[in-house]
Amino acid sequence: MPATSPAARTAAAYAALMAGHELGDYVVQRDTDAADKGKPGRTGRAACARHCLTYTATQAAALYAAHRLLGLRLNPGRAAAGLALSGLTHYAIDRCATHWPEDGPDAPALVRAAHALGKGRWLQRDPGAAALLDQALHKGCIAVAAAIAGASR
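If you're matching positions, the sequence shown starts at 2 in my numbering and goes up one per residue.
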């Protein structure tokens, strides 16, 4: 029986988007883009944009596969909106790469927000904190994207 309730669609969309996230963020991402996406200027913006395009395409493939194989009956517009949210927020978060420990007016807005919320000492003290915060933000955004994609038709 197809998973057609909004809750079932959202849960399946979340699983698919998370699988796409893991593949897109770690397997598909080019090493040069990973190294450059946090750099200032055109180099950083271009690397981050390339990464986010392949990332979103990977998530789209995973979501489409779930839609077809599980009979999710996703609304194409809502699925596209969820994917757009995931891709755009991924770009904003990944532009902060290597900047999370920074504390000052030149830091990216999300970095300044993290410091304002009391995460600055953790980001400066713990070498793994930046990656954990990065992934927590991605997963929160993916949850919202899945809710959009799985919402009632």
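C-beta atoms are modelled at their ideal positions from N, C-alpha and C, and glycine is treated no differently.
6 Å Cβ shell around residue 59 - same chain, five flanking residues per side excluded: 21, 24, 25, 29
For residue 98, I'd like the list of residues in its chain whose CB is within less than 7 Å of its CB, leaving aside the five on either flank, ordered along the chain. Within the same chain, and ignoring the five residues on either side of residue 98 in sequence, the residues whose Cβ sits closer than 7 Å to its Cβ are 38, 39.
Note down the Cα distance separating residue 89 from residue 7, rounded to an integer number of angstroms. Straight-line Cα distance between these residues: approximately 24 Å.
Use the C-beta contact count for residue 34: other C-beta atoms within 10 angstroms, 16 or more gives buried, fewer gives exposed. buried
Go ahead and pull the three-state DSSP assignment for residue 109. coil
The ligand ADP and residue 43: does the residue's C-beta get closer than 6 Å to at least one heavy atom of that ligand? Here there are no bound small molecules, and the ligand ADP is not part of this structure.
When you compare the stretch 75-93 with the stretch 143-154, are there three or more beta-carbon pairs, one atom per stretch, that lie closer than 8 Å? yes
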